[in-house]
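Input: a single structure, listed below in C-alpha cells.
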C-alpha cells in the first residue's frame, strides 16, 4: 500500500527537480518557438541568460515566463520575425537585439524593468507593442539603426546613458526623463525629429545633432558639456539653467538658429563656443552670465554681442564676425587684460574683429593668439604671451569637442 503512494510522489519530486534544474541554467539557448514554449511552461523565473540563436525562425513567444534574472539576447538572425511575451515583466541584465534584419514585431506588453536596452540594426522593426506605461526602469538605452518611427512604451525617469542614433524614420522622443548621470546623444534620426524632455532637471553631458525641436524647460544643472550641432531648430532656450560645473556649451553649424537664450545662467564651468550659425544675428541671450571657467569664442554673421554681467573670464575672449561689431568690441575692450588696455576681467587673450569674410569657417576650439585693441582687428599682444599659453592649455577640451561637432 505504501508503495502505491510512494511511486507517484517520487515521480512528482523528480519532475520538480528537473524543472528546477531547467530554470537555473547559466544560459538557455532557444533554437525554435517550441524551445521558448517549453522554457516558459517550466519556469516562471529563469535564473540565467536567454539566448535566441540564429537557428530560430518566425515568431518566438515567451508567454508564461515572468522574470529573467540575466540577459535576454537575440542577434545575427535574418529569419527571426517576431519576439513576444504577454507575461514577462523583468529582465535584470541586457535586453540586447543586434542585427535582426527580419524582425518586424516586438511585443512585450507587461515588461516594466530591464537592466539596459541595446537595440542595433533592426532594419524591419517599425513599431513597438509595449504596455502602458511600458519600460520605466533601465540603466542605459541605446537604439541605433532601426526602422522605428516612435519609441512609445519606453519611458524611463532616470538613466546613466541615452544614445538614439541613425533611426531615420524616428520623428519624436517625448520622455519623462528627470535625471541623466552620464551621457545623452541624439544623432542622425528622422528629418523632423523632435525631442521633448519637459521634466529633465539634471544632466551630465549631452550632444544634440540633427534635431528639429529640442525642449528642456525644467533643466537646472549641466554637470558636464552641452553640444548642439547641425540642428534645424530656430530657437533654443534653457530658462532654468543656472550653472554648468565643468564642461563647455557649444552651438556649431545650426543653419536656422536665430535665438539662443540662457536667461538664468550665471556660471559656465568650461568654455562657450558659438560658431557658423549663419542666421544668428544677435548674441544677447546670456544676461546674467558672470563667470566663465574657460574661453568665449564667437564666430558668425552677428551684428550685436552682449554680455552685460560678465565679470570673470578665465580664458580668452575671441570674437569675429562678417558684420560690423565695432561697438561691441569697444565695450568688451574695457574688460581686456591690463596689457591690452582693459581692467583684467578677461584673463586670456582678447581679440575682437569686424568684417571678417571668413568668420564662419572657423568652428574649432582654438582661439586667436594675437590680441586686438579695437573692432578693426588690428594686432595687439602676440600669442607667445603667458596668457595665451595658459589659455591654450585650458582650451584643449573645447578644441576636441568642437572638432568632433564639426565632423558630425
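In this note's numbering, the protein residues as written are 7 to 414. Glycine included, C-beta positions come from ideal geometry on N, C-alpha and C. From a predicted model like this one, the values you see are computed outputs, not experimental measurements.
Let's see if you can read the secondary structure: which residues bound the alpha helix (DSSP H) around residue i?
| i | result |
| --- | --- |
| residue 339 | 332–339 |
| residue 1 | The question about residue 1 has no answer here: the residues shown for the chain are numbered 7 through 414. |
Less than 8 Å between C-beta atoms, sequence neighbours within five positions excluded: which residues of the same chain meet that for residue i?
| i | result |
| --- | --- |
| residue 263 | 237, 239, 240, 241, 242, 257, 283, 285, 286 |
| residue 36 | 42, 45, 56, 57, 58, 59, 62, 66 |
Given residue i, which residues of its chain have a CB within under 6 Å of its CB, disregarding the five upstream and five downstream residues?
| i | result |
| --- | --- |
| residue 273 | 249, 297 |
| residue 143 | 119 |
| residue 333 | none |
| residue 90 | 67, 113 |
| residue 76 | 54, 55, 99 |
Does DSSP classify residue i as helix, strand or coil?
| i | result |
| --- | --- |
| residue 403 | Note that residue 403 scores 42 on pLDDT, short of 50, meaning its location in the model is unreliable and no value can be drawn from it. |
| residue 384 | Because the pLDDT of residue 384 is 36, which lies under 50, any placement of that residue in the model is unreliable, and the question is left without a value. |
| residue 73 | strand |
| residue 391 | Confidence at residue 391 is low in this model, with a pLDDT of 32, below 50, so its placement is unreliable and the value that follows should be read with caution. It is coil, neither helix nor strand. |
| residue 26 | helix |
| residue 145 | coil |
| residue 119 | strand |
| residue 55 | strand |
| residue 345 | helix |
| residue 365 | helix |
| residue 242 | strand |
| residue 309 | coil |
| residue 410 | Low confidence applies to residue 410: its pLDDT is 35, below 50, so where it sits in the model is not reliable enough to give any reading. |
| residue 5 | No answer is possible for residue 5: it lies beyond the span of the chain, which begins at 7 and ends at 414. |
Which residue from the options puts its Cα closest to that of residue i?
| i | options | result |
| --- | --- | --- |
| residue 127 | 109, 152, 71 | 152 |
| residue 145 | 138, 98, 371, 310 | 98 |
| residue 159 | 166, 133, 165, 176 | 133 |
| residue 192 | 173, 182, 207, 204 | 173 |
| residue 138 | 341, 218, 161, 150 | 161 |
| residue 52 | 96, 356, 29 | 29 |
| residue 327 | 360, 72, 196 | 360 |
| residue 377 | 136, 355, 247, 141 | 355 |
| residue 85 | 195, 101, 107 | 107 |
| residue 170 | 373, 331, 205, 217 | 217 |
| residue 157 | 201, 189, 166, 232 | 201 |
| residue 308 | 365, 343, 375, 190 | 365 |
| residue 140 | 259, 105, 182, 131 | 182 |
For residue i, which residues does DSSP report across the bridge?
| i | result |
| --- | --- |
| residue 192 | 170, 214 |
| residue 200 | 178, 219 |
| residue 370 | Bridge partners of residue 370: none, in fact. |
| residue 88 | 65, 111 |
| residue 318 | 297 |
| residue 235 | 215, 258 |
Can you name the start and end residues of the beta strand (DSSP E) that residue i belongs to?
| i | result |
| --- | --- |
| residue 358 | 356–359 |
| residue 326 | 323–327 |
| residue 81 | 78–81 |
| residue 100 | 96–104 |
| residue 305 | 302–306 |
| residue 257 | 255–258 |
| residue 67 | 64–67 |
| residue 266 | 265–267 |
Can you list, in chain order, the residues of its chain with a C-beta nearer than 7 Å to that of residue i? Leave out the 5 residues immediately preceding and following it.
| i | result |
| --- | --- |
| residue 293 | 269, 314, 315 |
| residue 290 | 310, 312 |
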